[in-house]
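Quick note, the sequences are listed as chains A and B, same order. For the first sequence, my numbering gives the first residue as 2, with consecutive numbering after it. For the second sequence, my numbering gives the first residue as 2, with consecutive numbering after it. Yeah, the Cβ is synthetic: ideal placement off N, Cα and C, and Gly gets one too.
Number of protein chains: 2
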Amino acid sequence: MSEERHGTRRSGGPRKAQEIFDAALDLLAEKGYEGLTIEGVAQRSGVNKTTIYRWWPSKGALLGAALIGARQLDLAPPDTGSLRGDLEALLHTIATPLTTPPASDIAVAVLGAATHSTELAVHVKDFFADRIAREEPVFTRAVARGELPADTDPMLLVDLLAGAAWIRVVLRQLPLEKDFVSRTVRTVLEGARAAD
Amino acid sequence: MSEERHGTRRSGGPRKAQEIFDAALDLLAEKGYEGLTIEGVAQRSGVNKTTIYRWWPSKGALLGAALIGARQLDLAPPDTGSLRGDLEALLHTIATPLTTPPASDIAVAVLGAATHSTELAVHVKDFFADRIAREEPVFTRAVARGELPADTDPMLLVDLLAGAAWIRVVLRQLPLEKDFVSRTVRTVLEGARAAD
């Protein structure tokens, strides 16, 4: 894939970047942030340690690049034709990685570790900024269809959905009931429409 | 305070329980979950280590008791006369400990560590169950005043508010803008009313 086509490689990267990212995320899921090492990533990906260090000087930098650039996190924003459909799809793509191993091990490890590693926190912040930028079209289209007021704040709506899922699944350790997605989306959607 | 008056001591506890809880939460804020030890709590609180172990066999058990029983977390649910007022007060009492040291060090350390300590996760789960039980009256009164449908799910509304605050402050590392509380409450409130 050329540098032009592959947006995530705009600042360069080794030829086997995806294998390195996969190894970093797998190791994070298995061993947590403390147990993640460049050495371990080199071993698992079969890429020389010095090659990895040339591109990413620390495990924090590597993990930051992996969060933004990994194929397995490279999800297109939903486009179902309605805002309700898009938000339900979006909440599914947020809640599934929180509940389904091995993705849940990665997500919970990264977001938990962000609270006690200043370096990782910077990359989590970048990851969330990258996500909201990708999700913007969902809201632009909804405004164009007349489904949302023009001054809607997409970040508030996304954070309401994602935050409720995080608390329910990770902190309350409750299952995602069958109707959780539809009830949560309905509440946020009606709230966004009315709070004009 | 007698055992009868002090609900949190229904299962007993040493005379200086509050000093022990304060020490545990302070040490957690300073050193994180890994750095918290019963030894350290004993030193800081001036209570004999064996006394602490007699009541709480591990630091996880002690922290669980501290989260439920600590004076500094013993907040009465708001009763401002309107649901909007109550939810704004509630979101303030949730967001303030996430942003203001030393409470933010405690909150972020506990909630972050919950993702990688199974024992602590159980206590965080109990803490959230205790909180929602305390917050129930806010919603019972709102239903009685006709401000909410009778089948409202208080947990969904609390998790939407608290989750949005958590993502914004801890993961996005954005400030709580002046109007964040009012916009968030308005969206959730209108959503709850409409999603009947």
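For residue i, which of helix, strand or coil comes out of DSSP?
i: A/E136; result: helix
i: A/R173; result: coil
i: B/E178; result: coil
i: A/K17; result: coil
i: B/G33; result: helix
i: B/G147; result: coil
i: B/W56; result: helix
i: B/A66; result: helix
i: A/D160; result: helix
i: A/A115; result: coil
i: A/G82; result: coil
i: B/P155; result: helix
i: A/G47; result: coil
i: B/T101; result: coil
i: A/I38; result: It should be pointed out that residue 38 of chain A corresponds to Thr in this sequence rather than to Ile. Of the three classes helix, strand and coil, the one that applies to A/T38 here is coil, per DSSP.
i: B/D75; result: coil
Would you check whether the ligand COA has a heavy atom nearer than 6 Å to the C-beta of residue i?
i: A/P138; result: Among the components of this structure there are no ligands whatsoever, and the ligand COA is therefore not found.
Can you check whether the C-beta of residue i is within less than 7 Å of a C-beta belonging to chain A?
i: B/Q44; result: no
i: B/L84; result: no
i: B/W167; result: yes
i: B/Q174; result: yes
i: B/K126; result: yes
i: B/A18; result: no
i: B/A195; result: yes
i: B/D27; result: no
i: B/V189; result: yes
i: B/G164; result: yes
i: B/G14; result: no
i: B/G36; result: no
i: B/G65; result: no
i: B/G192; result: yes
i: B/G113; result: yes
Nearest chain B C-beta to residue i closer than 7 Å, yes or no?
i: A/T116; result: yes
i: A/A198; result: Coverage of chain A is limited to positions 2 through 197, which leaves residue 198 of chain A absent and any answer about it impossible.
i: A/L76; result: no
i: A/L161; result: yes
i: A/G70; result: no
Ignore the nearest five residues each way along the sequence and tell me which others in residue i's own chain have a CB closer than 8 Å to its CB.
i: B/R169; result: L175, L177, F181
i: B/A1; result: The requested residue 1 of chain B is not part of the displayed model; chain B covers only 2 to 197.
i: B/M156; result: I133
i: A/V125; result: L68, V111, L112, A115
i: B/A90; result: P79, T81
i: A/A122; result: A115, T116
Less than 7 Å between C-beta atoms, sequence neighbours within five positions excluded: which residues of the same chain meet that for residue i?
i: A/G14; result: W56
i: B/L74; result: L68
i: A/A193; result: L149, T153, L158
i: B/E137; result: P155
i: B/R72; result: Q19
Using a Cβ-Cβ cut-off of 6 Å (strictly less than) and excluding sequence neighbours within five positions of residue i, which residues of its own chain qualify?
i: A/K17; result: V48
i: A/V139; result: P78, D87
i: A/L63; result: A25, W57
i: B/L37; result: L28, L29, K60
i: B/G41; result: L28
- Task: Please name the residues in the segment 129-152 of chain A whose beta-carbon is closer than 9 Å to at least one beta-carbon of chain B, in chain order.
- Result: F129, A130, I133
- Closer than 8 Å, Cβ to Cβ, to anything on chain A: give me those residues from the segment 83-108 of chain B, in chain order. none
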